[in-house]
Structures are given as C-alpha cells and as structure tokens.
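Q:
In our numbering, the protein residues as written are 3 to 572.
Structure follows, in structure tokens:
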C-alpha cells in the first residue's frame with residue numbers, strides 16, 4: 003500500500019518547473035498516511051512522479067519511483083503484483099533488475115508487450131503511472147476490480163494530475179474523476195482515451211455460466227489465491243469478523259503461515275506467530291464466532307472494543323480518509339478505521355480480509371428473493387462492477403489511513419474466473435441442501451471441516467450490524483440531534499445534486515463538504531436512491547424492498563435471524 007501522485011502533460015511555457023515540483027511535494031504529503039516509510043520524487047520539465055511508500059516487499063531496496071537504467075522510463079506504483087516472479091521469468095530479453103520489489107517487472111513488461119496484453123497477465127492489486135521521458139509518453143492503469151483507488155484531474159493549464167486519493171487533487175484541479183478499474187490510458191494512442199483491458203467472459207451481458215459445482219475445485223482455487231497473497235516481508239494479520247467469509251480466509255492462511263511464500267514455502271516464515279483481530283461494541287454479535295475461529299486455527303486473537311461515542315468522535319476523520327458520504331460506507335468504515343489504528347499500533351502492516359464473497363456468491367440477504375439463477379448471476383456481476391465504490395474503497399482507505407494494507411483473496415482474478423463461471427443455480431439460497439435456505443452454500447460446503455459448524459453455517463450479518471446493533475442506532479440518534487427537521491426541509495436547496503434523504507445521510511454529506519468543498523469531488527462519490535439494495539433489479543424482485551429506508555442487512559426482517567448477543571447465531 004502506497005500513495006502515488008503524478009503530473010503529466012506539463013507545458014513548460016506555462017508552468018515553472020521548480021514551483022510545480024514544490025506543489026507536487028505538498029500535495030503528495032497529503033498521501034503520506036498511505037506510505038509512511040519513505041518518500042520519493044522524479045521531476046523533469048514534462049512530468050513529475052511522487053511516491054509515498056509503505057514497505058511490504060523488499061523493504062530495504064524497493065523505494066520508488068523506479069527508473070529503468072536502460073530506457074530511462076520511470077514508474078510509480080501503489081499495489082502488489084503477486085505473480086511478479088513468474089512474469090520476470092517470462093520476459094523475452096534480459097533486464098537489469100535493481101530490486102526484489104514485486105513492482106519493478108512492470109517497467110520491463112511495458113518494454114516488451116502492449117499494455118492490454120501484459121496487464122491481463124498480471125495477477126495483483128495496483129494503480130500505476132509510467133513515464134517515458136525519451137518518447138514523451140505515459141501509461142496509467144488500475145487493477146481489474148478496483149481494489150486500489152486512483153483518481154485523475156486537470157488543473158487550469160489542462161495539465162493531467164493522477165493520485166491515489168481525492169485529497170491530493172482537491173484545490174489544484176478544476177475537474178476530478180475516478181480512473182476506472184480494469185482500464186488503462188496510453189498517451190501513444192490519444193484518440194482512444196481510457197481503454198478497458200479486463201473483459202472476463204462471465205461479465206458479458208448474455209453469458210450463462212455452466213461450470214458444474216465441484217467443491218474441491220472451488221476450494222483449491224481460493225486456497226491458491228490466499229497463498230499468493232501471503233507474499234510479504236513484514237508482520238501480517240487476519241481480520242475475522244465472525245462471518246464465514248473472513249473466517250475461511252483466516253483458516254486457509256493459517257495453513258500456510260509457517261512457511262515463506264517468497265521462498266516457495268521452502269524456508270520458515272519470518273514472523274511465526276499469527277495474530278487475528280475483530281472489532282465491536284461490548285457484547286457484539288461478531289465476537290463469539292470470531293473467537294471460536296481463532297481458537298480453531300490457533301491464532302493469537304485480539305478483540306478490539308470501541309464505544310458509540312468513540313465512533314462518533316472519529317466520524318469526521320473517517321469521512322476525510324474514505325472520501326465518501328455513502329451511508330453504508332461510513333457506517334462500516336468507522337469500526338474498521340478504529341480497528342486499523344490498533345493493528346498499526348501493534349506493528350502489523352498487512353492484513354487479509356474477506357471482502358468480495360457476498361458479491362460473488364450472492365451473500366446479501368436480499369438474494370433470497372432472486373427469482374431465478376440468471377437473475378442472481380446478473381446481480382452478482384453488477385455488484386462486482388461497483389465494489390470499487392463501496393467495499394474495496396472502505397477496506398483500502400480505512401487501512402491506508404493508518405499505513406495498513408488490506409488484501410482481499412476473494413477478488414483474485416484467477417479465483418473469480420472459477421467462482422463466477424459456476425452454474426448460478428447452486429448459489430440460490432433456497433437451493434441449499436440444508437435444514438433451511440442459506441446464502442453462499444457452495445462456498446460453505448467447499449470449506450466444510452475448516453471452521454466450527456456454528457460459524458460455517460452462520461447467517462449473513464453485515465459488518466456494520468455485526469459490530470453491535472447499538473452502533474447504527476447510535477449513529478441515527480446522533481444525526482437526530484445534529485440535523486433538525488427544518489434543516490432537512492432545505493436539503494435539496496443546500497445539496498441540489500445527490501440530495502440526502504435522511505438526517506444521517508445529511509450529516510455525512512455536510513462533514514464531507516467541510517473537507518472537500520468542490521462539486522467535482524462530490525461527483526466522485528456514489529449515490530443511489532434505492533437504499534435497501536441499490537438496484538432497480540433487486541427492487542423488482544420484491545415490492546417490499548421499495549418500503550425500506552435502511553441499508554442494514556437486518557432491515558430484511560422476514561429473512562434476518564437476530565443473533566443471541568452473547569452467543570453465536572444459527
């Protein structure tokens with residue numbers, strides 16, 4: 003996890019290079035929470051690349067921007083390339099590698115292959131800017147799902163800025179927009195603009211998945227993804243929410259934790275004790291199942307307690323860091339932000355998490371209402387396409403606020419190809435051959451024996467609910483005291499675009515504006531009027547959805563089982 007900032011298309015006639023370099027340093031400093039370990043900058047009269055580094059792989063020698071000594075090309079990357087050694091082995095020409103960094107190979111892939119080809123060969127999470135001073139051309143790219151954030155903007159001289167977070171562009175760019183996941187922009191073909199490179203067959207509109215369900219195939223694909231993502235030279239940990247997704251990732255990671263991935267599992271792990279973490283209010287529904295998982299896998303487990311007041315006190319900082327006023331994002335990001343601060347205090351720099359499983363397997367409670375298998379599949383594709391606006395943003399920026407990298411094995415592109423090619427009929431909750439309908443049956447069945455039964459078959463609990471129902475209730479109560487009825491009546495006048503519909507939403511929008519006053523920044527935040535499930539498709543599944551005004555999973559009252567606070571839900 004790092005922070006990158008680039009200024010491209012610099013016009014030497016309009017910009018003073020020394021002043022622009024100083025400005026780049028000031029703006030890049032706003033990203034230093036993402037990369038507190040080292041700062042680097044490259045500058046010439048046509049481009050500037052700045053880098054704030056969080057050292058995860060090759061801690062001693064991986065400082066950026068990286069420069070190819072043969073071509074002079076310059077690279078600034080935020081991310082991890084999990085198959086970097088295989089990519090390096092597959093290069094056609096010899097290259098003078100200067101580091102053991104997983105990112106350096108991008109320089110040499112660019113030298114040998116077209117962007118659309120080598121980007122599809124890379125397995126990882128990334129956003130990067132590559133500058134070729136000799137040819138005066140550049141390449142920008144972002145990972146397939148958008149696990150790593152990236153934004154771009156234009157200043158008054160129409161110079162192109164690129165940065166990991168909005169805050170580095172706010173105030174210097176007149177226009178800002180998100181750089182889309184699965185896309186690249188190559189200045190050598192300006193007429194094409196931003197181009198898509200990630201086109202998995204399962205995401206095509208008319209694609210009908212037919213792969214028969216094989217629990218062994220699914221299990222091995224996820225285990226391989228977790229193993230790849232344990233590439234790490236620093237202490238790491240596991241997030242265990244108490245739900246099945248993070249618990250499976252933790253259980254698999256524990257099986258590989260005693261060996262070092264970068265040595266092909268031949269050498270012992272550098273950091274032999276495995277630590278796991280959960281967060282919540284006292285008596286949170288997630289604590290007991292998380293504890294049971296930690297006991298099963300043998301991790302040193304840490305339960306991080308917070309109070310509603312501590313969460314409320316952190317709201318402004320949370321919204322500043324996640325750069326969103328989306329209600330579900332703020333609700334879930336606040337406990338995660340507090341948790342990441344504790345993880346950072348323990349010296350841990352990377353964690354594995356379970357984001358993505360609900361989108362892949364139809365894990366949200368409203369998927370019980372899916373009318374048929376193909377409708378479920380289309381909705382999972384739609385949800386995956388929007389993950390970069392919600393769960394990926396929350397996980398990445400909540401962790402990056404404290405210099406912690408969050409990795410998400412469920413979103414590994416090789417695993418996605420297996421899981422999203424499954425016949426979607428097996429994902430329908432009502433088709434699960436259990437005593438009652440259950441979400442994500444194929445995933446649960448594939449990992450039977452890895453977890454305690456009561457956790458493996460625990461019903462879906464959204465993170466902002468699982469940390470304690472008092473959290474959301476406390477947020478609503480606080481919003482009632484901060485936003486009067488009179489203020490709400492003027493919401494459309496104050497915020498004519500993306501008008502808040504509840505007092506809680508108004509509160510978050512107002513805090514956001516205190517940090518990001520430009521309308522172009524607000525335009526980057528997702529806003530969907532259907533609060534319950536954020537899609538007209540799902541609304542069509544059941545008319546009752548149209549009456550819901552709460553995005554909490556427990557709002558689907560005819561499906562949700564309220565767990566026993568002191569125990570584990572069934």
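For every residue, glycine included, the Cβ atom is placed at its ideal position computed from N, Cα and C. Treat the numbers as computed from the prediction; the structure is a model and nothing was measured.
#1: Name the one or two DSSP bridge partners that residue 261 has.
#2: What whole-angstrom Cβ distance do residue 310 and residue 339 have, given they're in contact under 8 Å?
#3: Any chance the stretch 242-257 sits against the stretch 198-218, with 3 or more Cβ pairs inside 8 Å?
#4: Quick check on the DSSP output: the alpha helix (DSSP H) that includes residue 401 runs from which residue to which?
#5: Leaving aside the five residues before and after residue 122 along the sequence, list all residues of the same chain whose C-beta is less than 8 Å from its C-beta, in chain order.
#6: Given a cut-off of 8 Å on the beta-carbon distance, is the pair residue 401 and residue 469 in contact?
#7: Got a sec? Which residues, its chain only, sit under 8 Å from residue 58 by beta carbon, not counting five neighbours each side?
#8: Opposite residue 234 in the DSSP bridges: which residues?
#9: Taking only runs of the beta strand (DSSP E) that begin and end inside the stretch 191-239, which ones reach a length of at least 3 residues, in chain order?
#10: How big is the Cα-Cα spacing for residue 113 and residue 161?
#11: Grab the span of the beta strand (DSSP E) containing residue 144 for me, first residue to last.
#12: Tell me the DSSP bridge mates of residue 129?
#13: Which value, in whole angstroms, describes the spacing of the CA atoms of residue 360 and residue 136?
#14: Let me check understanding here. Comparing Cα to Cα, which of 30, 278, 453, 412 lies closest to residue 169?
#15: Residues bridged to residue 54 by DSSP?
#16: Quick one: does the C-beta of residue 435 sit closer than 7 Å to a heavy atom of the ligand FMN?
#17: Quick one: which unbroken beta strand (DSSP E) runs of 3-plus residues sit fully inside the stretch 341-396? Chain order, please.
#18: To which residues of the same chain is residue 432 closer than 8 Å at the C-beta, ignoring the five residues directly before and after it?
#19: Taking all protein chains shown into account, do 16 or more other C-beta atoms lie within 10 angstroms of the C-beta of residue 80, making it buried, or fewer, making it exposed?
#20: Mind the definition here: the stretch 151-158 touches the stretch 492-502 only if three or more C-beta pairs lie below 8 Å; say whether that holds.
#21: Excluding the five sequence neighbours on either side, which residues of its own chain have a C-beta within less than 8 Å of the C-beta of residue 196, listed in chain order?
#22: Closer than 6 Å by C-beta to residue 111: which residues in its own chain qualify, once you throw out the five before and the five after it? Chain order, please.
#23: With DSSP run on the structure shown, which of helix, strand or coil describes residue 177?
#24: Among the candidates 481, 505, 345, 480, whose CA atom is the shortest distance from the CA of residue 492?
#25: Measure the beta-carbon distance from residue 414 to residue 290 and round it to whole angstroms, keeping in mind my assumption that it falls under 8 Å.
#26: Measure from the alpha carbon of residue 32 to the alpha carbon of each residue in 517, 530, 544, then state which is nearest.
#27: Distance, Cα to Cα, residue 449 vs residue 254?
#28: If we count Cβ pairs, one from each stretch, closer than 8 Å, do we get three or more for the stretch 303-317 versus the stretch 332-348?
#29: Short check: CB of residue 394 to CB of residue 149, under 8 Å?
#30: For residue 158, I'd like the list of residues in its chain whose CB is within less than 7 Å of its CB, leaving aside the five on either flank, ordered along the chain.
#31: Indicate whether residue 70 and residue 109 have their beta-carbon atoms separated by less than 8 Å.
#32: Check the C-beta distance from residue 36 over to residue 54 and give it rounded, since I have them as a contact under 8 Å.
#33: Look at the alpha carbon of residue 18 and the alpha carbon of residue 12, and state the distance between them as a whole number of angstroms.
#34: By a C-beta neighbour count over all protein chains shown, 10 Å radius and 16 as the cutoff for buried, is residue 578 buried or exposed?
#35: Short of 6 Å in beta carbon distance, which residues of its chain neighbour residue 358, apart from the five on each side in sequence? Order them along the chain.
#36: Determine the DSSP secondary structure at residue 162, reduced to helix, strand or coil.
A: Let's see:
#1: Beta-bridge annotation (DSSP): residue 261 is paired with 270.
#2: Their Cβ separation, rounded to whole angstroms, is 15 Å, which puts residue 310 and residue 339 out of contact at 8 Å.
#3: Contact fails between the stretch 242-257 and the stretch 198-218, because fewer than three Cβ pairs, one in each stretch, are under 8 Å apart.
#4: Residue 401 -> alpha helix (DSSP H) spans 393-402.
#5: Result list for residue 122: 199, 200, in chain order.
#6: No.
#7: The answer, listed in chain order, is 3, 82, 234, 235, 236, 351, 352, 407.
#8: DSSP lists no partner for residue 234.
#9: 196-198, all fully within the stretch 191-239.
#10: For residue 113 and residue 161, the distance between alpha carbons rounds to 26 Å.
#11: Per DSSP, residue 144 belongs to the beta strand (DSSP E) from 139-144.
#12: DSSP lists 80, 144 as partners of residue 129.
#13: Distance between the alpha carbons of residue 360 and residue 136: 46 Å.
#14: Residue 169 has its Cα closest to that of 30, out of 30, 278, 453, 412.
#15: According to DSSP, residue 54 shares a beta bridge with 5, 41.
#16: Ligands in the displayed structure: none, and consequently the ligand FMN is not present.
#17: Runs of the beta strand (DSSP E) inside the stretch 341-396: 352-354.
#18: The answer, listed in chain order, is 370, 439.
#19: Classification for residue 80: buried.
#20: With the cut-off at 8 Å, the stretch 151-158 and the stretch 492-502 do not touch.
#21: These residues qualify, in order along the chain: 181, 182, 185, 186, 187.
#22: Hits under 6 Å: 120.
#23: The answer is strand: DSSP assigns residue 177 an E or B state.
#24: Measuring from the Cα of residue 492, the nearest candidate turns out to be 505.
#25: About 29 Å separates the two Cβ atoms, so there is no contact after all.
#26: Of the candidates 517, 530, 544, the one whose C-alpha sits nearest the C-alpha of residue 32 is 517.
#27: Pairing residue 449 with residue 254, the inter-Cα distance amounts to about 9 Å.
#28: The stretch 303-317, when compared against the stretch 332-348, does touch it at the 8 Å Cβ threshold.
#29: Residue 149 sits close to residue 394, with the two beta carbons spaced by under 8 Å.
#30: In the same chain as residue 158, and ignoring 5 residues on each side of it, the C-beta atoms closer than 7 Å to its own belong to 176, in chain order.
#31: In this structure, residue 70 places its C-beta atom within 8 Å of the C-beta atom of residue 109.
#32: Contact holds; Cβ gap of about 6 Å.
#33: In a straight line, the C-alpha of residue 18 is about 10 Å away from that of residue 12.
#34: Any question about residue 578 goes unanswered here, given that the chain covers just 3 to 572.
#35: Around residue 358: 410, 412, 413.
#36: In this structure, residue 162 counts as strand in the three-state DSSP scheme.
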